[in-house]
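Single-structure report; data block below.
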Amino acid sequence: MTVLVTGATGLAGSEVVRALLRRGERVRAMTRYPSKAHAFPPGVEGVVGDLDKPSTLALAFSGVRRLFLITPLSQRETEQGLAAVEAARAAGVRRLVYLSVPLGPGSEAIPHYRSKVPVEEAIRASGIPYVILRPNSFFQDDYLWCRAAVMTYGVYPQPLGSVGLHRVDIRDVADAAVHALSDPVHEGREYPVHGPEALTGPGIAETFARHLGRPVHYAGDDLEGWARQARHMMPDWMVQALKAMYRHFQTRGQLAGPGELERQERVVGHPPRSYEAFVAEIVPLWRREMASGR
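First residue of the sequence shown: 10, per my numbering; consecutive thereafter.
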């Protein structure tokens, strides 16, 4: 049975596509960009579909029986998610795995967390067997966004605070997605997906310092200062959404609840990867990239 992955060119979607291929699944990868529909790995059927244009979804969803649904960070995330759920219902999808977020106390103040709640409600009401995954913040965000700050300036820039987050390797999330899509025992369940330890901004800086052999400092908790820098890289609505998220992290953290690490192994299939191992992996990679001028 074909598995459709939305958001297939993004960080999480592309990792899920790779994990499904390793398992020998038939994968259809959806992108809104026609130029990217032919750029997926061998064995992947690329298809054009735009969650902002529901009329484009019928063809993309045709013949699909399993769906991995990712909605990108967007001002229209709720509408996009609802359009995908309706397209899945109309296409006869038999299993839907939704990538959501941890919805702990206070998370309703974060726009891109709050926007997922109506999508979850629609999924539960759709009649489609479903699994909801709630991953923590991804390790790989640091790989994408922090190289220059860490390697050139000796600063870890994400204002994560000191309460702690059980951040997770995106590869563990992909493993959970594959198992949720493949095994009906998970239907109707909602799983957290965390890393093994609570990470803080200062602690992450110390981890990089150990692996680099030189000081790396935490940039601190100044959200206004972070926002001034971020406005050079992203629109204001995104700055405000991420600032709300970082404020939540600084005041409440995003910690694994009692028993959650044990429960998630049912769907991840193995103990979670550590941040220490992730940093040991990316520091040599960053060095090679910089040496080659990338």
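Each residue gets a CB set at the ideal place from its N, CA and C atoms; glycine is no exception.
Every unbroken stretch of the alpha helix (DSSP H) spanning 4 or more residues and falling wholly within the stretch 58-144 is given here in chain order: 66-70, 86-100, 120-123 and 126-134. The beta-carbon separation of V177 and G204, rounded to 4 Å, stays under the 8 Å limit for a contact. A contact between stretches requires three or more CB pairs, one per stretch, nearer than 8 Å, and the stretch 137-146 meets this requirement with the stretch 191-204.
Just measuring C-alpha positions, the residue of S301, G302, A300 and W295 sitting nearest L153 is W295. By the Cβ neighbour-count rule, A96 is buried, with 16 or more other Cβ atoms within 10 Å of its own. Taking a C-beta distance under 9 Å as the contact criterion, Q149 and I213 do not qualify as a contact pair. Less than 9 Å separates the beta-carbon of L76 from that of V12. G55 is positioned such that its CB atom lies closer than 9 Å to that of F49. Counting only the Cα atoms, I141 lies some 8 Å from E129.
DSSP, reduced to helix, strand and coil, places Y42 outside both helices and strands of the structure shown, so it counts as coil.
The residue among Q84, Q249, Y227 and G136 with its C-alpha nearest the C-alpha of S171 is Y227.
Within a 10 Å sphere around the beta-carbon of E86 sit 16 or more other beta-carbons, which makes this residue buried.
Taken through DSSP and simplified to helix, strand or coil, F49 comes out as coil.
Only buried fits K125, as 16 or more other CB atoms lie within 10 angstroms of its CB. Comparing C-alpha distances from V292 to each of V159, A183 and R303 shows the shortest one belongs to V159. Look at the stretch 215-299 and you find these whole runs of alpha helix (DSSP H), each 4 residues long or longer: 232-239, 245-261 and 269-277. Between A207 and A21, the alpha-carbon positions lie close to 21 Å from each other. G52 is the residue among K252, G52 and R256 whose C-alpha sits nearest the C-alpha of A28.
With a cutoff of 9 Å on beta-carbon distance, V248 and R256 are scored as not near each other. In this structure G234 is exposed. Its beta-carbon is surrounded by fewer than 16 other beta-carbon atoms within 10 angstroms. The stretch 274-285 makes contact with the stretch 174-188, as at least three CB pairs between them are under 8 Å. Around the CB of E274, fewer than 16 other CB atoms lie within 10 Å, so the residue is classed as exposed.
Collapsing the DSSP output to three states places G212 in a helix.
Beta-bridge partners assigned by DSSP to Y152: none are found. According to DSSP, residue pairing for G55 in a beta bridge involves A38. With a threshold of 16 other beta carbon atoms within 10 Å, A134 falls short and is exposed. L108 places its beta carbon less than 9 Å from that of A186.
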